[in-house]
Amino acid sequence: MGRRFAALTCFLSLLFIPPPQQAPASPAATLKIATIAPENTVLVQELREAAAVVAQRTGGAVQLKIYTGGVMGNDTVVLRKIRLGQLSGATFTAGGLSSVYSNYELLSVPMLLRTYEEVDAVRAVYEPVITDELEKHGFISTGMIETGFVYLMSDKPVAGVADLKACKVWVPEGDTLGQAIFERAGVNPIPLQIPDVLTGLQTHLIDTVVTSPVAAIVLQWFTKVKILTETPLLYAYGTLAISENSWRRIPEAHREPVREILTRHMKRVDVQNRTDNQEALKTLEREGLRFVSVTEDNLRELQRIADETIESFRGKGLYDDEMLEGIREIVARFR
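To convert a position in the sequence shown, counted from 1, into the working numbering, add 100.
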């Protein structure tokens with residue numbers, strides 16, 4: 101009887117021993133995302149928040165790993181790493197994706213858009229078209245992320261084309277159209293990667309940049325210039341894009357939730373950037389930058405140079421002629 105009781109007690113005690121803890125399962129998919137944006141920027145904050153929401157919503161099946169501050173290289177280098185499978189995606193400039201889909205930077209054609217009313221009207225029609233086409237070229241996009249209007253900033257006043265000829269102007273490396281426009285204006289621009297621009301300003305290799313107000317502050321370029329030319333030269337934007345190969349590794353049940361989360365958080369950046377750029381203009385003025393205006397005659401000359409350069413690329417595959425004309429028709433209603 102005693103032995104039977106002891107055996108029963110032992111058996112019952114086993115029922116109350118907790119099972120051994122299992123190690124967390126490895127994620128089914130880890131999306132490695134690169135961005136040139138530094139830490140503590142709105143873009144990086146939203147990426148990290150999106151990563152936390154994705155992990156929570158998918159029960160840890162999908163993870164995002166964020167590489168900030170351009171540690172993975174510029175758009176060209178990042179694209180190569182994506183094709184090699186070392187990265188899943190990145191936040192790209194519009195021009196950075198032009199080698200994937202040439203029309204992606206169409207809204208950034210110089211002197212095409214001048215007001216936010218024009219931008220909003222054009223985006224309403226063409227953003228879905230361009231986003232869908234990018235997907236057909238192998239990249240899933242969360243939609244456009246506004247960088248904002250881009251201005252000339254220099255250490256000397258630039259109120260027209262004649263003034264530009266005395267400047268050492270930076271142009272983003274690989275910006276074929278931008279380089280051609282400056283050359284038509286009689287300027288030999290100096291191509292540099294974005295991380296090299298501040299050094300270029302410090303060493304006087306360049307003295308003029310084309311940038312948005314927020315970027316000028318975040319990248320500290322504003323500390324090396326004195327003048328801002330008030331007429332915007334172009335509208336800049338980018339996107340968060342993930343390669344189709346990486347996207348397919350996400351379990352099918354999680355793809356739409358992940359897309360919805362990323363799209364929502366990048367839309368917040370898109371909206372916030374407009375407000376931040378308007379505030380940044382005020383900040384630059386407070387910091388001592390002098391604003392100079394462009395006369396109507398100089399504005400017409402800038403527009404003529406831009407239009408002639410764009411026309412010279414017609415039929416060369418840089419952009420879709422029909423789409424460009426459609427954008428111009430929308431813009432004409434506002435002018």
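Beta carbons are placed, not taken as given, at the ideal position from N, Cα and C, and that holds for glycine.
Note on geometry: alpha-carbon atoms of Glu-149 and Ser-343 lie some 21 Å from one another.
Around Glu-217, the same chain offers Phe-434 as residues with beta carbons nearer than 7 Å, after the five sequence neighbours per side are excluded. Check the Cα spacing between Asn-373 and each of Leu-264, Tyr-419, Glu-246: the tightest is with Glu-246. When Cβ pairs closer than 8 Å are counted between the two stretches, the region 160-177 is seen not to touch the region 214-229, the count staying below three. In this structure Lys-382 is exposed. Its beta-carbon is surrounded by fewer than 16 other beta-carbon atoms within 10 angstroms.
Ranked by Cα distance from Phe-249, the first of Leu-234, Asp-275, Glu-330 is Glu-330. Within the DSSP secondary-structure output, Lys-265 pairs in no beta bridge.
DSSP places Leu-179 in the helix class (H, G or I) of the three-state scheme. Leaving aside the five residues that flank Pro-357 on each side, the residues in its chain whose CB is nearer than 6 Å to its CB run, in chain order, Arg-157. Between Gly-286 and Lys-256 a beta carbon distance of about 16 Å is seen, past the 8 Å cut, so the two are scored as non-contacting.
Comparing C-alpha distances from Ile-182 to each of Ser-202, Ile-240, Gly-160, Leu-207 shows the shortest one belongs to Ile-240.
Taking C-beta separations shorter than 7 Å and ignoring five residues to either side along the sequence, the partners of Glu-401 in its chain run Gly-260, Val-261, following chain order. Only residues of its own chain outside the window of five on either side were considered, and among them Met-253, Val-309, Phe-322, Val-325, Ala-380, Leu-384 have a CB closer than 8 Å to the CB of Ala-316, listed in chain order.
Here DSSP, grouped into helix, strand and coil, assigns Leu-340 to strand. Secondary structure at Phe-192: strand, using DSSP grouped into helix, strand and coil.
Look at Arg-435 here: in three-state DSSP terms it is coil, with no helix or strand label. With a contact defined as Cβ atoms closer than 8 Å, Val-318 and Pro-138 qualify at about 7 Å. For Leu-184, the three-state secondary structure derived from DSSP is coil.
For Gly-278, the closest C-alpha among the options Asn-398, Ser-208, Ile-294, Gln-320 is that of Ser-208. For Phe-391, the number of other beta carbons within 10 angstroms of its own is below 16, and it is reported as exposed. Taking 8 Å as the cut-off, the beta carbon of Leu-340 is found no closer than this to the beta carbon of Thr-276. Residue environment analysis places Gly-300 among the buried positions, since at least 16 neighbouring C-beta atoms fall within 10 angstroms of its C-beta. For Gln-279, the three-state secondary structure derived from DSSP is helix. Under the criterion of beta carbons closer than 8 Å, Val-258 and Pro-289 do not qualify as touching, at roughly 13 Å. Glu-246 carries a strand assignment under DSSP once its states are collapsed to helix, strand and coil. Cβ atoms of Ile-350 and Val-162 come within 8 Å of each other, at about 6 Å.
It is roughly 35 Å from the alpha-carbon of Tyr-419 to the alpha-carbon of His-354. By a beta-carbon distance limit of 8 Å, Ile-281 contacts Ile-405. Their separation comes to about 6 Å. Rounded to whole angstroms, Glu-408 and Asn-345 show a C-alpha spacing of 40 Å. Our two residues, Asp-232 and Tyr-226, have alpha carbons roughly 10 Å apart in a direct line. Distance check between Leu-389 and each of Leu-334, Tyr-251, Ile-430 places Tyr-251 closest, using alpha-carbon atoms only. By the beta-carbon neighbour count (other beta carbons within 10 angstroms, threshold 16), Pro-313 is buried. In terms of CA proximity to Leu-362, Trp-347 leads the group Thr-375, Asp-376, Trp-347. For Lys-132, no alpha helix (DSSP H) run applies; the uninterrupted beta strand (DSSP E) run containing it begins and ends at 129-134, by DSSP.
A Cβ-Cβ distance of about 7 Å is found for the pair Gly-274 and Thr-176, placing them in contact under the 8 Å criterion.
Ala-432 and Val-219 have their C-alpha atoms spaced approximately 12 Å apart.
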